[in-house]
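2 protein chains.
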Amino acid sequence: MGPGPSDVPERVLQAMARPTIGHLDPDFIRLMDEIKVLLRYAFRTTNPLAMPISGPGTAGMESCIVNLVEPGDKVIVCQNGVFGGRAKEMVRRCGGEVVAVDDPWGRAIDPEKLRSAVRDHPDARIVFFVHAETSTGALSDAAVLAGIARDAGMLSLVDAVTSLGGTQVEVDEWGLDAVYSGTQKCLSCAPGLGPITLGERAVEKVKGRSAPVQSWFMDLSLVLGYWTEGANRSYHHTAPVNALYGLHEALLMLHEEGVESAWERHRRNHLALRRGLESLGLTIAVPEAERIPQLNAVTIPEGVDDARVRGRLLHEYDLEIGAGLGTLAGKVWRIGLMGHSSRPENIELCVGALADVLASEGRSTDRETALEAVNRAVATGVGV
Amino acid sequence: MGPGPSDVPERVLQAMARPTIGHLDPDFIRLMDEIKVLLRYAFRTTNPLAMPISGPGTAGMESCIVNLVEPGDKVIVCQNGVFGGRAKEMVRRCGGEVVAVDDPWGRAIDPEKLRSAVRDHPDARIVFFVHAETSTGALSDAAVLAGIARDAGMLSLVDAVTSLGGTQVEVDEWGLDAVYSGTQKCLSCAPGLGPITLGERAVEKVKGRSAPVQSWFMDLSLVLGYWTEGANRSYHHTAPVNALYGLHEALLMLHEEGVESAWERHRRNHLALRRGLESLGLTIAVPEAERIPQLNAVTIPEGVDDARVRGRLLHEYDLEIGAGLGTLAGKVWRIGLMGHSSRPENIELCVGALADVLASEGRSTDRETALEAVNRAVATGVGV
């Protein structure tokens with residue numbers, strides 16, 4: 001129950017253990033084609049370009065940036081946590097010029113600040129933002145932010161690592177131009193692949209590049225030669241066959257549940273967890289309207305030893321929760337309810353274990369009342 | 385039995401299906417440390433820097449190049465197949481200047497040509513070559529080539545994708561400065577990871593860079609913050625946990641067999657395959673002294689339909705063999721005997737299937753004699 005990897009269901013684990021076949025085998029090609037269809041379903045898009053990069057989410061992120069940003073391009077980067085900072089670094093390494101729009105960690109990105117940056121820098125080509133900041137638990141309004149970019153003739157480049165499959169993501173309806181995600185959050189697949197999708201405007205920018213992409217491995221014009229339907233599929237690299245079996249199975253499971261049902265499940269379980277935490281006197285560090293249901297940043301109470309509590313949860317309860325990152329290190333715990341991990345029994349385990357550990361660390365907690373609050377919320381579907 | 389991925393043993397497949405744990409979990413950190421020890425064993429090195437890149441062999445290749453090559457660096461690239469060409473492209477995309485040393489496809493790299501290039505370009509910083517060219521089946525003398533580089537004060541950067549675990553690779557004894565490999569060849573693990581090792585001289589060059597590495601994902605100074613022993617392991621990206629379970633298990637199996645025994649097994653099985661193929665009137669396209677035992681490039685006989693034969697092997701015998709690449713497309717088949725695939729029963733399957741299919745395509749073959757030749761070679765351990 002950390003910030004990912006989430007629990008991987010047995011079906012997905014077993015899929016990864018299927019016999020490895022060749023990356024050019026016709027059966028494997030069919031699997032690749034199905035993955036693309038299922039990714040479009042998850043991303044809510046009809047973009048032809050929807051595929052997993054053969055590396056973790058960070059590789060998916062860099063693939064988007066390295067293909068879209070040309071030397072000299074001005075890129076407005078919104079930062080409200082770790083991953084916006086990483087984007088700045090990547091943009092600079094591609095020769096792009098960063099215009100920083102900074103918001104407090106643990107808060108959503110302020111659309112007004114972006115509007116003002118867009119006005120001040122009408123020559124910017126791209127707006128980057130993180131939809132759900134994994135480092136802080138804050139959710140930003142992707143539709144509004146992407147709209148501001150589009151109205152100014154700029155492309156939106158969106159981190160949906162933690163949101164995809166757990167909260168509403170609407171690539172087409174919201175007009176997101178380039179989006180990347182990971183497999184180990186709400187898709188509940190093992191880490192190691194970076195699903196991406198690019199719309200027509202983003203593809204046009206990539207096609208119109210004057211200089212080749214600085215990375216050969218991530219050059220979409222080459223990667224697509226392998227991932228595009230048709231007889232002339234050309235070898236680029238050896239695809240991670242077994243990891244792709246796992247992603248295929250995880251996406252099938254999302255399709256079986258229905259992506260809208262998955263969003264609703266994450267929302268309800270978040271409310272139940274919140275009930276239990278509040279009953280223990282714990283508070284969520286992010287304002288209510290800006291919370292990511294699948295990643296709960298909990299303020300560590302004064303006087304409680306961060307690492308010690310996490311260590312005890314891990315060793316005594318077999319339960320991993322995440323530490324704070326960056327400016328929030330030591331100040332919050334990050335409790336994930338992502339994908340297959342977002343289940344009532346996990347909420348009970350976590351709230352019960354926190355009640356025990358905090359009690360033995362000298363805090364006053366009432367385990368039974370907290371668990372009752374969780375159970376009531378789960379039963380009624382209304383957390384608060 | 386293509387040029388990889390090779391057959392993955394059940395033990396490795398089952399390892400990949402173990403429950404996914406956090407990439408910062410102490411148990412996972414122990415596994416990472418063991419992987420490093422086992423990789424040093426496979427690479428025959430005491431280099432502290434030995435680790436898998438979280439992407440396929442191509443990502444391992446680009447990681448080495450992008451860290452070692454600075455803009456303006458002159459790099460001598462030996463090419464005798466597809467992968468030398470790829471290296472040229474990657475060096476150029478890093479701003480390096482390529483000095484090309486070209487040899488015929490299907491032949492080893494000629495040390496004399498490298499000597500002459502080194503004389504003509506004493507200001508070159510790096511010599512790149514492929515130890516075992518997967519695209520052609522030709523093995524070059526890595527010890528001699530690396531020695532030429534070292535004597536000229538240049539670093540050697542070596543592709544050992546197909547050789548590692550299947551033919552002798554001696555990183556320390558041969559003085560190889562930077563080496564990358566893949567998991568899906570003679571290590572018989574699923575594709576998706578790129579093991580690399582860098583010696584002291586290579587690490588010094590990386591540390592002495594004046595410009596940051598253009599890739600954030602592949603920047604070794606950042607990646608090492610996560611892969612280096614010690615308490616302050618810092619988050620870089622989410623490691624592909626399940627893929628690393630598989631690599632760990634595959635490296636354990638190599639250690640159990642003994643890496644020298646594995647080389648010997650590959651050599652003997654290659655000789656047995658060769659007996660069978662010759663008995664069918666087929667010849668290996670590479671001169672005897674330059675052959676990779678684990679990858680046999682077989683000349684396609686005049687009048688035989690390349691794709692049709694491969695298709696029939698796949699559909700009627702469940703047997704995949706590889707097509708030729710680049711200038712060898714349509715001219716050779718590539719039959720792999722890599723890692724777990726390098727077993728007598730596979731040789732029998734392949735020789736028997738080729739005998740049948742070639743016969744029904746109008747060639748005169750004697751199945752029984754060919755299989756007897758294989759069996760005799762397997763029994764005596766002497767193929768020819």
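Residue numbers (this note's numbering), protein chains in the order written: chain A, 1 to 384; chain B, 385 to 768. Using N, Cα and C, we set each Cβ at its ideal position, and we do this for glycine too.
In this structure, how does DSSP classify residue i when only helix, strand and coil are distinguished?
i: A:T46; result: coil
i: B:W717; result: strand
i: B:R402; result: coil
i: B:Y619; result: coil
i: B:G462; result: Position check: residue 462 of chain B holds Cys in this sequence, whereas Gly was assumed. In this structure, B:C462 counts as strand in the three-state DSSP scheme.
i: A:M90; result: helix
i: B:R727; result: coil
i: A:D396; result: Outside the shown range of chain A, which is 1 to 384, sits residue 396 of chain A, and nothing can be said about it.
i: A:D141; result: coil
i: A:F217; result: coil
i: B:V421; result: helix
i: B:L541; result: strand
i: B:V453; result: coil
i: B:A536; result: coil
i: A:E133; result: strand
i: A:T58; result: helix
i: A:E361; result: coil
i: A:D366; result: coil
i: A:V374; result: helix
i: B:V392; result: coil
i: B:S500; result: helix
i: A:L349; result: helix
i: B:S447; result: helix
i: A:M1; result: coil
i: B:H505; result: coil
Report the CB separation of residue i from residue j in whole angstroms; it is logged as a contact under 8 angstroms.
i: B:H620; j: B:Y629; result: About 19 angstroms separates the two Cβ atoms, so there is no contact after all.
i: B:D690; j: B:A707; result: 7 angstroms
i: B:P624; j: A:A243; result: 7 angstroms
i: A:H131; j: A:V99; result: That pair is no contact at about 20 angstroms.
i: B:S519; j: B:V466; result: 4 angstroms
i: A:A17; j: B:Q398; result: 6 angstroms
i: B:K569; j: B:V545; result: 6 angstroms
i: B:R395; j: B:M637; result: 7 angstroms
i: A:A152; j: A:V118; result: 4 angstroms
i: B:L433; j: B:L582; result: 5 angstroms
i: A:T283; j: A:V332; result: The pair is not a contact, with the Cβ atoms about 10 angstroms apart (cut-off 8 angstroms).
i: A:V75; j: A:G96; result: 5 angstroms
i: A:F129; j: A:L139; result: Not a contact, Cβ separation roughly 11 angstroms.
Taking buried to mean at least 16 other C-beta atoms within 10 Å of its own C-beta, is residue i buried or exposed?
i: A:N232; result: exposed
i: B:P387; result: buried
i: B:S663; result: buried
i: B:S572; result: buried
i: A:V378; result: buried
i: A:D123; result: exposed
i: B:S744; result: exposed
i: A:T167; result: buried
i: A:R93; result: buried
i: A:K205; result: buried
i: A:D177; result: buried
i: B:R509; result: buried
i: B:V768; result: Note that B:V768 has pLDDT 47, beneath the 50 cutoff, so the model's placement of it is unreliable and the number below is only indicative. Its Cβ having fewer than 16 others within 10 Å, B:V768 is exposed.
i: A:P195; result: buried
i: A:R376; result: exposed
i: B:S599; result: buried
i: B:P677; result: buried
Going by the DSSP bridge assignment, what does residue i pair with across the sheet?
i: A:P52; result: A:P195
i: B:G706; result: B:R718
i: A:F83; result: Beta-bridge pairing links A:F83 to no other residue.
i: A:V99; result: A:I76
i: B:I510; result: B:V459 and B:L539
Taking 8 angstroms as the cut-off, does the CB of residue i come closer than this to any heavy atom belonging to the ligand GTP?
i: A:D219; result: Although the ligand GTP was asked about, the structure shown includes no ligands whatsoever.
**OP:** Only counting runs of 3 or more residues, tell me where the beta strand (DSSP E) segments fall wholly within the stretch 550-592 of chain B, in order along the chain.
**Re:** 562-564 and 578-582
Original post:
At what residue ranges does the stretch 241-313 of chain A contain a whole run of the beta strand (DSSP E), taking only runs of 3 or more?
Top reply: 295-299
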